[in-house]
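Colleague:
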Amino acid sequence: MDFGNKWQEWIRACISTVRYSVLINGSPAGFFGSSRGLRQGDPLSPLLFLLVMEILSKILKKVEASGLIRGFQATRRGGEGLCISHLLFADDTMVMCDANAVQLMYLRLSMTGFEATTSLKVNLAKNEIVPVGDVENLQVLADILCCRISSLPMSYFGMPLGSSFKSTLIWNPIIEKIERRLAGWKSVAKRIEQIQRNFLWGRSDETFKHCLVKWDTMCSPISKGGLGIRKLVPFNRALLGKWLWRFGVEDNRLWKRVLAARHGTVCGNWSTGWSRDSHGCGLWKGIMCGWDEFSAHDLFPGLYACASDQAATINEVLVREDDRVDWRVNFVHNFNDWELDSVASFLGLLQSNLPTLVVDDGLWWTLKTTGMFDVRSYYCSLRESPDIAFPWKCIWRTKAPRRACFFVWTAAWNKILTYDNLRKRGYNLPSWCCMCRCNGESVEHLLLHCPAACGLWSWIFQTFGVHWVLPGTVTALLFSWWNGLGRHSSDIWNIVPVCLMWTIWKERNHRTFEDVSKLDSQILEGFILTLFDWSRAWGFTTHTSIPEFISSLFLICHDVYS
Numbered sequence: 001m002d003f004g005n006k007w008q009e010w011i012r013a014c015i016s017t018v019r020y021s022v023l024i025n026g027s028p029a030g031f032f033g034s035s036r037g038l039r040q041g042d043p044l045s046p047l048l049f050l051l052v053m054e055i056l057s058k059i060l061k062k063v064e065a066s067g068l069i070r071g072f073q074a075t076r077r078g079g080e081g082l083c084i085s086h087l088l089f090a091d092d093t094m095v096m097c098d099a100n101a102v103q104l105m106y107l108r109l110s111m112t113g114f115e116a117t118t119s120l121k122v123n124l125a126k127n128e129i130v131p132v133g134d135v136e137n138l139q140v141l142a143d144i145l146c147c148r149i150s151s152l153p154m155s156y157f158g159m160p161l162g163s164s165f166k167s168t169l170i171w172n173p174i175i176e177k178i179e180r181r182l183a184g185w186k187s188v189a190k191r192i193e194q195i196q197r198n199f200l201w202g203r204s205d206e207t208f209k210h211c212l213v214k215w216d217t218m219c220s221p222i223s224k225g226g227l228g229i230r231k232l233v234p235f236n237r238a239l240l241g242k243w244l245w246r247f248g249v250e251d252n253r254l255w256k257r258v259l260a261a262r263h264g265t266v267c268g269n270w271s272t273g274w275s276r277d278s279h280g281c282g283l284w285k286g287i288m289c290g291w292d293e294f295s296a297h298d299l300f301p302g303l304y305a306c307a308s309d310q311a312a313t314i315n316e317v318l319v320r321e322d323d324r325v326d327w328r329v330n331f332v333h334n335f336n337d338w339e340l341d342s343v344a345s346f347l348g349l350l351q352s353n354l355p356t357l358v359v360d361d362g363l364w365w366t367l368k369t370t371g372m373f374d375v376r377s378y379y380c381s382l383r384e385s386p387d388i389a390f391p392w393k394c395i396w397r398t399k400a401p402r403r404a405c406f407f408v409w410t411a412a413w414n415k416i417l418t419y420d421n422l423r424k425r426g427y428n429l430p431s432w433c434c435m436c437r438c439n440g441e442s443v444e445h446l447l448l449h450c451p452a453a454c455g456l457w458s459w460i461f462q463t464f465g466v467h468w469v470l471p472g473t474v475t476a477l478l479f480s481w482w483n484g485l486g487r488h489s490s491d492i493w494n495i496v497p498v499c500l501m502w503t504i505w506k507e508r509n510h511r512t513f514e515d516v517s518k519l520d521s522q523i524l525e526g527f528i529l530t531l532f533d534w535s536r537a538w539g540f541t542t543h544t545s546i547p548e549f550i551s552s553l554f555l556i557c558h559d560v561y562s
């Protein structure tokens with residue numbers, strides 16, 4: 001194939017430097033070198049496969065062009081189509097031909113020619129012949145290729161092949177894989193999201209735990225108070241939308257030519273026609289439903305109904321006179337007063353998209369400045385995020401353990417299981433704070449205004465040398481706390497709220513569930529030790545002793561204000 005000498009030396013080095021070891025009674029017994037070939041799972045194996053399969057592909061194309069085998073015909077009714085004789089994917093090859101002994105004999109000869117050309121041997125014992133429909137002489141055909149007989153439906157690379165895509169049974173293996181990975185179609189999406197939600201909150205069939213925050217809130221962007229978890233239904237639509245975009249911009253891809261031959265093209269070859277058959281490529285029918293998201297007649301249904309030419313193209317309604325460009329859309333009747341607002345909106349939309357250059361038409365994704373389709377931007381447009389302010393930076397940008405950050409995030413939503421929240425969930429409990437033993441327990445009281453918490457907050461303000469009045473809510477505190485000592489001096493300062501609230505919550509749980517209490521001085525020592533460990537783990541301090549670390553906190557604030 002005329003590869004360069006340097007490239008050949010690289011490949012030779014990759015092959016000859018490999019060393020193997022044989023397991024004898026479960027233990028490796030020495031190593032030996034390799035002079036040829038690749039081991040199983042070698043990173044070079046896929047590349048070698050591509051080079052070798054290029055030879056097989058050319059042989060099969062030549063045999064097909066000679067009329068010796070006939071592949072699968074992707075055609076519309078009464079029209080010419082596209083013939084596909086083979087597909088190569090990963091390390092697998094699929095060959096399609098008629099159930100004809102002569103064609104299979106030529107296919108067997110092609111394999112023999114491939115072996116002679118590459119000095120490789122085709123392992124026919126691993127091959128399978130899969131009939132489509134009823135085939136009478138199936139065993140005779142299998143004997144020609146010396147292979148096994150399989151049948152549809154079957155699993156091909158983990159996906160069901162030959163099954164009804166509407167059947168929920170074919171999705172069970174996929175659901176089971178997700179359950180195993182997490183520890184646990186719109187109905188399928190709900191089941192998957194339920195598995196995700198239960199995993200996140202530690203809920204299972206054996207263990208009941210409350211889901212504290214609504215799933216829709218958790219699926220909101222992080223900047224809007226969520227966790228950025230993707231909702232499966234709109235995310236699936238965004239992923240399918242990528243295929244609509246690719247169909248419009250990729251001209252010479254095989255998959256596009258197959259669909260174009262099967263369904264025809266419309267809209268300047270940007271889309272296929274709609275399939276009216278009861279059978280066909282159900283997956284592509286589902287993908288094509290995404291075009292409804294971009295239809296102008298859905299935005300202005302009344303105007304579309306009275307348009308004189310509902311199938312008019314841009315070229316037909318865009319008029320150029322000298323240096324002037326204008327839209328001329330005709331309707332079958334004059335408009336009434338109550339329709340004028342809709343007409344004004346429609347004309348405003350047209351004027352805002354007035355072409356300024358005479359160039360070939362093309363697809364342009366308006367949600368990105370580059371004009372290229374992006375799944376993320378499409379997903380965000382499908383999801384209506386709440387327009388709320390949330391102190392996400394003071395939670396998720398701090399260098400604290402994710403578990404502690406998740407707790408503070410739950411507290412910011414006022415959803416941690418304090419006594420007042422448990423009473424809202426139907427538990428008959430006294431609203432009593434186990435930390436101070438004199439007030440009712442709420443999120444704000446426990447983490448901010450309880451005397452035990454106030455003692456820790458006062459120590460922080462005194463140590464840093466700042467004057468501060470605690471706000472009324474956790475959210476207000478986090479908003480005002482972030483980068484309070486400046487952008488470049490607030491690394492340790494930003495950790496404090498998460499560390500302090502996490503310390504209070506752990507002490508509260510020890511007293512509630514284990515009936516073990518610490519003195520206020522011991523709680524303070526535990527908080528300082530935790531803050532010191534977190535700061536050292538992220539390199540925010542170089543001090544090796546806690547007294548030096550405490551002294552450095554005041555110096556940080558002194559340097560900022562001086």
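Reading the sequence shown from the start, the letters are residues 1 to 562 in UniProt numbering. Beta carbons are placed, not taken as given, at the ideal position from N, Cα and C, and that holds for glycine. If you're wondering where the values come from, they're calculated on a predicted model, not measured in any experiment.
1. With H, G and I counted as helix, E and B as strand and the rest as coil, what does DSSP make of G455?
2. How many angstroms separate the CA atom of A479 from the CA atom of F390?
3. Pull up the CB-CB distance for K399 and W538, whole angstroms please, since I reckon it's below 8 Å.
4. Once the 5 residues before and after S535 are set aside, which same chain residues still bring their CB inside 6 Å of it?
5. Consult DSSP for C405 and reduce its assignment to one of helix, strand or coil.
6. Rounded to a whole number of angstroms, what is the C-alpha to C-alpha distance between C83 and F235?
7. Is A183 helix, strand or coil when you go by DSSP?
8. Would you call the region 461-471 and the region 546-558 touching, i.e. three or more CB-CB distances under 8 Å?
9. May I ask you to list the residues that DSSP assigns as paired with V95?
10. Are there 16 or more other CB atoms within 10 angstroms of the CB of M501, so buried, or fewer, so exposed?
11. Under a three-way DSSP split, which group does P173 fall into?
12. Compare the C-alpha of S352 against each of D326, F331 and G371 and name the closest.
13. With distance defined between alpha-carbon atoms, name the residue in Q196, M105, R148 and E136 nearest to E128.
14. For A101 and G133, I'd like the C-alpha separation in whole angstroms.
15. Tell me whether V258 sits in a helix, a strand or coil according to DSSP, three-state version.
16. On the DSSP bridge list, what partners appear for S27?
17. Is the beta carbon of S517 closer than 8 Å to that of R508?
18. Distance check for Q139 and L87, CA to CA, integer angstroms please.
19. Please report the straight-line C-alpha distance between residue 638 and W365, rounded to a whole angstrom.
20. Quick one: Cα of R262 to Cα of E250, how far?
21. Considering Cα atoms alone, identify which of L347, S110, T75 and N252 is closest to I69.
22. Roughly how far, in whole angstroms, is the beta-carbon of S220 from the beta-carbon of P386, given that I think they are within contact range, below 8 Å?
23. Opposite T154 in the DSSP bridges: which residues?
24. Applying the 10 Å Cβ sphere with the 16-neighbour rule, what's the burial state of P46?
25. I need the DSSP call for T265, collapsed to helix, strand or coil.
26. Hey, quick one: how far does the alpha helix (DSSP H) through L477 stretch, first residue to last?
27. Could you check the C-alpha separation between L44 and N25 for me, to the nearest Å?
28. Taking 8 Å as the threshold (C-beta atoms), are L60 and V22 in contact?
29. Since F532 is in the alpha helix (DSSP H), which residue starts that stretch and which ends it?
30. Helix, strand or coil for W468 per DSSP?
31. Is there contact here, the region 337-344 with the region 193-203, by at least three beta-carbon pairs under 8 Å?
32. Give the DSSP-derived three-state secondary structure of L227 in the structure shown.
33. Drop a sphere of 10 angstroms on the beta-carbon of I416, count the other beta-carbons inside from all chains shown, and report buried for 16 or more, exposed for fewer.
34. With which residues is Q194 paired in a DSSP beta bridge?
35. Could you tell me which residues DSSP puts in a beta bridge with G33?
36. For N471 and P301, what's the separation of their Cα atoms in angstroms?
Modeller: Taking the structure as given:
1. Indexing the sequence shown from 1 puts residue 455 at position 455. It is helical.
2. The residue you call residue 479 lines up with position 479 of the sequence shown. The residue you call residue 390 lines up with position 390 of the sequence shown. Residue identity differs from the one stated: residue 479 is Phe in this sequence, not Ala. Each residue's alpha carbon lies about 8 Å from the other.
3. The residue labelled residue 399 in the question sits at position 399 within the sequence shown. The residue labelled residue 538 in the question sits at position 538 within the sequence shown. Rounded, the Cβ-Cβ distance is 4 Å, consistent with contact.
4. Working through the sequence shown from its first residue, we reach residue 535 at position 535. Taken in chain order, the residues that qualify are I492 and T541.
5. Stepping through the sequence shown from its first residue, residue 405 is reached at position 405. DSSP places C405 in helix when its eight states are reduced to three.
6. As a working note, residue 83 is residue 83 in the sequence shown. As a working note, residue 235 is residue 235 in the sequence shown. If I take the Cα positions, the gap works out to 34 Å.
7. For the purposes of this step, residue 183 is taken as residue 183 along the sequence shown, with counting starting at 1. With a pLDDT of only 46 at A183, under 50, the local geometry of the prediction cannot be trusted, and the value read off the model is given with reservation. Coil.
8. At 8 Å Cβ cutoff, the stretches touch.
9. The count along the sequence shown starts at 1 and reaches residue 95 at position 95. V95 is bridged to H86.
10. Along the sequence shown, read from residue 1 onward, the residue named residue 501 stands at position 501. Under this definition M501 is a buried residue.
11. Indexing the sequence shown from 1 puts residue 173 at position 173. Helix at P173.
12. Locating residue 352 in the sequence shown gives position 352, where the first residue counts as 1. Among D326, F331 and G371, the Cα nearest to that of S352 is on D326.
13. The count along the sequence shown starts at 1 and reaches residue 128 at position 128. Nearest option by C-alpha distance: R148.
14. Within the sequence shown, the letter at position 101 stands for residue 101. Within the sequence shown, the letter at position 133 stands for residue 133. The straight-line gap from Cα to Cα measures roughly 16 Å.
15. As a position in the sequence shown, residue 258 is number 258, starting the count at 1. Three-state result, V258: helix.
16. Counted from its first residue, the sequence shown places residue 27 at position 27. I24.
17. On the sequence shown, position 508 is the one that residue 508 refers to. On the sequence shown, position 517 is the one that residue 517 refers to. No; because the gap between Cβ atoms is not below 8 Å, this pair is not in contact.
18. Numbered from 1 along the sequence shown, position 87 holds the residue referred to as residue 87. Numbered from 1 along the sequence shown, position 139 holds the residue referred to as residue 139. Using only the alpha carbons, I get a separation of about 24 Å.
19. The displayed coordinates of the chain run from 1 to 562. Any statement about residue 638 would go beyond what the structure contains.
20. Here residue 262 is taken as the residue at index 262 of the sequence shown, counted from 1. Here residue 250 is taken as the residue at index 250 of the sequence shown, counted from 1. Answer to the nearest angstrom: the Cα atoms are 17 Å apart.
21. For this step, residue 69 is matched to residue 69 along the sequence shown. Selected option, being the one with the closest Cα: S110.
22. The residue given as residue 220 occupies position 220 in the sequence shown. The residue given as residue 386 occupies position 386 in the sequence shown. Going by Cβ atoms, the distance from S220 to P386 rounds to 6 Å, so yes, they are a contact pair.
23. Position 154 of the sequence shown holds residue 154. It is worth fixing the name first, because residue 154 is Met in this sequence and not Thr. M154 is bridged to L161.
24. Along the sequence shown, read from residue 1 onward, the residue named residue 46 stands at position 46. That one is exposed.
25. Residue numbering aside, residue 265 sits at position 265 when the sequence shown is read from its first letter. Of the three classes helix, strand and coil, the one that applies to T265 here is strand, per DSSP.
26. Along the sequence shown, read from residue 1 onward, the residue named residue 477 stands at position 477. Residues V474 to W481.
27. On the sequence shown, residue 44 is found 44 positions in, with the first residue counted as 1. On the sequence shown, residue 25 is found 25 positions in, with the first residue counted as 1. So the alpha carbons of these two residues sit roughly 30 Å apart.
28. Translated into positions along the sequence shown, residue 22 becomes position 22. Translated into positions along the sequence shown, residue 60 becomes position 60. Against a cut-off of 8 Å, the Cβ pair of L60 and V22 comes out as no contact.
29. Here residue 532 refers to the residue found at position 532 when the sequence shown is read from its first residue. According to the DSSP assignment, F532 belongs to the alpha helix (DSSP H) that extends over D520 to A537.
30. Here the question's residue 468 lines up with position 468 in the sequence shown. Correct three-state label for W468: coil.
31. no
32. On the sequence shown, position 227 is the one that residue 227 refers to. The answer is coil: DSSP assigns L227 none of H, G, I, E or B.
33. The residue given as residue 416 occupies position 416 in the sequence shown. With 16 or more Cβ atoms within 10 Å of its Cβ, I416 is classed as buried.
34. For this step, residue 194 is matched to residue 194 along the sequence shown. Per the DSSP secondary-structure output, Q194 pairs with nothing in a beta bridge.
35. For the purposes of this step, residue 33 is taken as the residue at position 33 of the sequence shown. DSSP output for G33 lists R19 as bridge partner(s).
36. For this step, residue 471 is matched to residue 471 along the sequence shown. For this step, residue 301 is matched to residue 301 along the sequence shown. In the sequence on display, residue 471 carries Pro and not Asn. Near 51 Å, if we compare the C-alpha coordinates of P301 and P471.
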